[in-house]
Amino acid sequence: MPQWRRLASLLASEVRHTEVLQAAASTNLGARKAELAQLARDTVLAYYRDADTDPCQEMAELCCTLLLNLHEWDVFAELERQQRGPVGFLELSKVLSAVCKDVCLNKFTRSIAQELWDLVLSMFTTNFSGHKRGASGAVKDTAQRDANALSRNTFHSFVQQLKDNLALTILLSCLAKLYNILKEDSSVELCLEHAQLWPTVVTSPSSLCKATLTDVFQSTLQHCLAVNNSHAGWVKLLADFCYAQGHHSAALKHYLTSVLMSSDYFSQTPPRTLVDDTMYRKMAHCCTKLQCHTQAALLCQLMEEPDYGAAFKSLNERQCQDSCDSLYAHVWDVVLLEFLVNLHTRRGEVESRQKALRCLGQLELNPNNNQEIQREAANVRRAQFLRVLAKQYL
Numbered sequence: 001m002p003q004w005r006r007l008a009s010l011l012a013s014e015v016r017h018t019e020v021l022q023a024a025a026s027t028n029l030g031a032r033k034a035e036l037a038q039l040a041r042d043t044v045l046a047y048y049r050d051a052d053t054d055p056c057q058e059m060a061e062l063c064c065t066l067l068l069n070l071h072e073w074d075v076f077a078e079l080e081r082q083q084r085g086p087v088g089f090l091e092l093s094k095v096l097s098a099v100c101k102d103v104c105l106n107k108f109t110r111s112i113a114q115e116l117w118d119l120v121l122s123m124f125t126t127n128f129s130g131h132k133r134g135a136s137g138a139v140k141d142t143a144q145r146d147a148n149a150l151s152r153n154t155f156h157s158f159v160q161q162l163k164d165n166l167a168l169t170i171l172l173s174c175l176a177k178l179y180n181i182l183k184e185d186s187s188v189e190l191c192l193e194h195a196q197l198w199p200t201v202v203t204s205p206s207s208l209c210k211a212t213l214t215d216v217f218q219s220t221l222q223h224c225l226a227v228n229n230s231h232a233g234w235v236k237l238l239a240d241f242c243y244a245q246g247h248h249s250a251a252l253k254h255y256l257t258s259v260l261m262s263s264d265y266f267s268q269t270p271p272r273t274l275v276d277d278t279m280y281r282k283m284a285h286c287c288t289k290l291q292c293h294t295q296a297a298l299l300c301q302l303m304e305e306p307d308y309g310a311a312f313k314s315l316n317e318r319q320c321q322d323s324c325d326s327l328y329a330h331v332w333d334v335v336l337l338e339f340l341v342n343l344h345t346r347r348g349e350v351e352s353r354q355k356a357l358r359c360l361g362q363l364e365l366n367p368n369n370n371q372e373i374q375r376e377a378a379n380v381r382r383a384q385f386l387r388v389l390a391k392q393y394l
């Protein structure tokens, strides 16, 4: 080939590489979406069918994630998994694209998700030695097993190039499920989407590195929020993670943020699929840990079935770091108000008793009112209370 042709080919490759880099960094491709998708498709097919031909590995990997970001999942079905070399972008893209397509079709096929699960699981398997013995006693090299394992660096590079909400949500869901299994504590479980995709147990949890999993999950979640910091589900997942780590102030902050995002600054009722009793219970526990017992008690009334036992226990606490009776105006549950009146009467706290009585005497809290009036009174007080918390913690 003449030198000028090689130079022209090199320049054309660089132009294509630049276009793909720009597309990967852009959030809106507009009219060029189809053109760039075709370019990425051709590049991936050319590279992985014959690795000795034109596009470089960096270009091919970039195109893999670009195709995932563009929801071009079918191209990966045309490619066979590579038999040589370590697990890379192609293998990750292939299994992840299959799960994305399956979820979009509302099938949630566990056998399809199992391939992604196994690949992610391989990243956390610890090898205590480089060799193992077979049934005959002969030493066997584990190099082949290691070659089929996903490296942490590969996964990190792959995730950093992903921008698609669905693909990132599925990866987060997979990691969160594995985190819950290894944590073995239902009280600090992470809330995850598409939980039905994943197994409920792993065969040998002792062979998995929990510290590595925690680091990978945290870095993946940080990237997700850098891509889209207004995703209420991801913010709630961050809150759950902080809660599991014992960072109660940070957890409460992120829980409030997720409620704020999903309720138009507390003016609407947030969806129960996102904000449920478990979340309110965790928020109340955070307040208890922060010695804000009145806030914890008031959060108990937000539950579908108010947790009166926890609320009464919190209200009985004498050492309190919140504004106590100034929060009574935000109570709409008559049972709590009656308990407060009785509590302050027994303690001889006249002023606090009078505040509770004034709140109890408000016409809109009369139990004989129709459901609409009672619901509106609760909604107004709920919004006011959550805004008070937001002002303090956000």
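The opening residue of the sequence shown carries number 1 in UniProt numbering; numbering runs sequentially from there. Don't be surprised by glycine CBs; every beta carbon is placed ideally from N, CA and C. Keep in mind the model is a prediction, meaning the values are calculated, not measured.
Between the beta-carbon of L394 and that of C359 there is about 26 Å, and that puts the pair past the 8 Å contact cut.
Following the DSSP letters along the chain, one finds A284 inside the alpha helix (DSSP H) bounded by residues 277–289.
Straight-line spacing of the CA atoms in L96 and L116 works out to 6 Å. One Cα belongs to T257, the other to H194, and the distance between them is close to 22 Å. Taking each of L190, S157, L252 in turn and checking the Cα distance to E61, the smallest one comes out for S157. Non-local beta-carbon contacts of K163 in its own chain, meaning distances under 6 Å to residues more than five positions away in sequence, involve N69, V227 in chain order. L197 carries a helical assignment under DSSP once its states are collapsed to helix, strand and coil. When rounded, the separation of the alpha-carbon atoms in D325 and F217 is 41 Å. Within its own chain, no residue has a Cβ closer than 7 Å to the Cβ of T203 once the five positions on either side in sequence are excluded. For Q222, the uninterrupted alpha helix (DSSP H) segment begins and ends at 210–227.
When N229, G233, A297 are compared, the shortest CA-CA separation from D276 is found for G233. DSSP, read as helix, strand or coil, puts T109 in coil. Nearest to D74 by alpha-carbon distance, out of L365, Y47, T154, Q38, is Q38. Each residue's CA atom was taken as its position, placing P205 and P199 some 13 Å apart. Comparing alpha carbon positions, the residue from H248, R346, V120, I170 closest to C100 is I170. The residue among C56, P367, R49 with its C-alpha nearest the C-alpha of F76 is R49. For S258, the uninterrupted alpha helix (DSSP H) run begins and ends at 248–262, by DSSP. For G361, there is no enclosing alpha helix (DSSP H), since its DSSP letter is neither H nor E. Apart from sequence neighbours up to five positions away, the residues of its chain that approach P270 with a beta-carbon distance below 7 Å are V259, S262, S263, ordered along the chain. Under DSSP, the beta-bridge partners assigned to T125 are L208.
Fully enclosed alpha helix (DSSP H) runs of no fewer than 4 residues occupy 293–300, 308–315, 334–347 of the stretch 280–347, in order along the chain. Nearest C-alpha to E184 among L172, S173, V201: V201.
When secondary structure is reduced to three states using DSSP, E349 falls in the coil class, being assigned neither helix nor strand. Of all alpha-carbon atoms in Q160, K94, L389, the one lying nearest the alpha-carbon of H254 is that of L389. DSSP, read as helix, strand or coil, puts D185 in coil. When secondary structure is reduced to three states using DSSP, D102 falls in the helix class. Distance between T65 and A310, taken at the CA atoms: about 48 Å.
Straight-line measurement puts the Cα of V159 at about 17 Å from the Cα of D118. Looking at C174, F124, Q321, the one whose alpha-carbon comes closest to that of Q392 is Q321.
Boundaries of the alpha helix (DSSP H) harbouring K391: 371–393, taken from the DSSP string.
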